[in-house]
Structures are given as C-alpha cells and as structure tokens.
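J.:
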Amino acid sequence: QSALTQPASVSGSPGQSITISCTGTSSDIGGYNFVSWYQQHPGKAPKLMIYEVSYRPSGVSNRLSGSKSGNTASLTISGLQAEDEADYYCSSYTSSSTVVIFGGGTKLTVL
Amino acid sequence: EVQLVQSGAEVKKPGESLKISCKGSGYIFSNYWIGWVRQMPGKGPEWMGIIYPGDSDTRYSPSFQGQVTISADKSTSIAYLQWTSLKASDTAIYYCARRGGSYQIDLWGQGTLVTVSA
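These protein sequence lines are chains A and B, in that order. Residue 1064 in the working numbering sits at position 72 of the first sequence, with consecutive numbering throughout. Residue 99 in the working numbering sits at position 77 of the second sequence, with consecutive numbering throughout.
1) Does chain A have any CB closer than 8 Å to the CB of E68 (chain B)?
2) Using a Cβ-Cβ distance under 8 Å, would Y1080 (chain A) count as near chain B?
3) Are K96 (chain B) and P63 (chain B) touching if we call contact CB-CB under 8 Å?
4) Would you mind giving the Cβ-Cβ distance between L1103 (chain A) and S1005 (chain A), rounded to the nearest angstrom? I have them listed as a contact below 8 Å.
5) In whole angstroms, what is the alpha-carbon distance linking V90 (chain B) and I115 (chain B)?
6) Compile a chain-ordered list of the residues in the segment 1050 to 1061 of chain A whose CB is closer than 9 Å to at least one CB of chain B.
7) Could you say which of A:Y1047, A:A1074, A:A1000 and A:T1015 lies nearest to G1007 (chain A) if we only look at CA atoms?
8) Do we get a CB-CB distance below 8 Å when we pair T1090 (chain A) with the residues of chain B?
9) Would you be able to state if there are at least three C-beta pairs under 8 Å between the segment 1081 to 1099 of chain A and the segment 1012 to 1026 of chain A?
10) Kindly list the residues whose CB is nearer than 7 Å to the CB of I1093 (chain A), restricted to its own chain and excluding five residues on each side of it in sequence; keep chain order.
11) According to DSSP, is D95 (chain B) helix, strand or coil?
12) Anything in chain A within Cβ reach of D77 (chain B), meaning under 8 Å, just list it in chain order.
13) For the pair the segment 25 to 32 of chain B and the segment 116 to 131 of chain B, tell me if three or more CB-CB distances fall below 8 Å.
14) Report back the beta-carbon spacing between S124 (chain B) and Y1080 (chain A) to the nearest angstrom; my notes put them in contact at under 8 Å.
15) List, in order along the chain, the chain A residues whose C-beta lies closer than 8 Å to that of D128 (chain B)?
16) Among A:S1050, A:V1002 and A:T1015, which one has its Cα closest to the Cα of S1059 (chain A)?
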C-alpha cells in the first residue's frame, strides 16, 4: 500500500491562507470519510488537528479547516501565523490490511 | 491527565533484542486500541500494528508482520513493542498512539528513539 501523496512543501506570508492537498485512491480517501490531519513540530510528537475530514478536536484553532473531493483531501490554514510553521501529515482509513496509511508530509514555511 | 508515557531512548547493536513500553494513564486503557507508529528520519509516519488491550486482539500491517511483536498488559496499562533481532534499518523514532473511533490518533506518546548501530 503506497503512502498518500502530499506536496513536499508549501509556504505563505503571515495573514495569508494556504492549502495542502493529500491524494489517495478510491480504496482510502475516496471511499471513506476517515481522513485526519496532524501537525508536527521538530522534535515533537504529531498532534491531531482534523479528523473525519473536517472536524476539529477541542482546542484546535478554527483557522484550520478540512475538506474532501473525490480521492483528494485538503487542509486549509487561514490567517497564517509563525506558530503554524511545521510539518503536516494526512492519514486515511484504507480497505487494505494496513488499515491506516499516512501521507509523506508537507513542510509549511511561514515567510 | 490523559497521557501515554514511553520508555527512554535505546542504543543497540544489530542482532540484539529489544522491548520498549508505553504506559497509559488518565483513561480506561482496556477500552481503546493502542498502535505503534514508526517514523524514520525525515519521513512520514508508518502504522506498524495495533492491539486492543481488553482482549489482546492484535493486527499487524503487512510490512511489519513477523518483524515485531505487539503486546499489552491491561492490569498495568502498558503496551509493548518487541524485536528479537534488530537491524540497522530499524533505526527510527517509535510512537505509541491511541486510536479513536474514526481511525484518528487522538493521543500520542512522546516517542522512543531506537538507534541500531554496530
């Protein structure tokens, strides 16, 4: 089972909006609404930011939003702040025996 | 406080065995699936396998089947990840992770760095 496909990097200036894409197949993203997004700062464990495509856990900023169209999920961060600079990973349930697969990660740089 | 606390960093030689641990607290450990996630340097996470401490039902990702053993002791709220013969390619950070009902990981351990080098 191949990893989900994410762009290696994205960047934006403070206050701007950015979108990170995550492309899979009909066996994972396209077939189920079990897409999650994680933020990881250097040397830290990942942190859940979005689950079930578009739901935010308690305490996560409403500047983050998630969506899905076909086999591609997206994470949008609006009003970029310096603290948003981190690696972001998507994940999805998959009907293969792996059950959960991750993307390769996207490094967000706040200019 | 709801948390997963992992054992400390390890440095091992190829061929050696290793067992790392993850202790859950602040919630009913038996009621949630606990998984192990590998993250190699500069790479994305990889789901290795998962166990339900309530009945020890265990599932492995194909890439890790036969390479590691996942276990749990519900009486002590500890999950384990074990190798019988380490390889240099096992060098990575290993996270334990609590899986929620929507296949999200809603709680992560702090990670255990395993370094395998001759």
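Even for Gly, the Cβ is constructed at its ideal location relative to N, Cα and C.
T.: Here's the rundown:
1) yes
2) no
3) A distance of 8 Å or more separates the beta carbons of K96 (chain B) and P63 (chain B).
4) Indeed they touch by this definition, with Cβ atoms about 5 Å apart.
5) 15 Å
6) none
7) A:A1074
8) yes
9) Using a C-beta cut-off of 8 Å, the segment 1012 to 1026 of chain A makes contact with the segment 1081 to 1099 of chain A, since at least three inter-stretch Cβ pairs fall below that distance.
10) Hits under 7 Å: Q993, A995, L996, D1020, S1083, S1084 and T1086.
11) strand
12) Per Cβ cutoff of 8 Å: no residues; D77 (chain B) is ~17 Å from chain A at best.
13) yes
14) No, S124 (chain B) and Y1080 (chain A) are not in contact; Cβ-Cβ is about 18 Å, not under 8 Å.
15) L1040, Y1043 and P1049
16) It is A:T1015.
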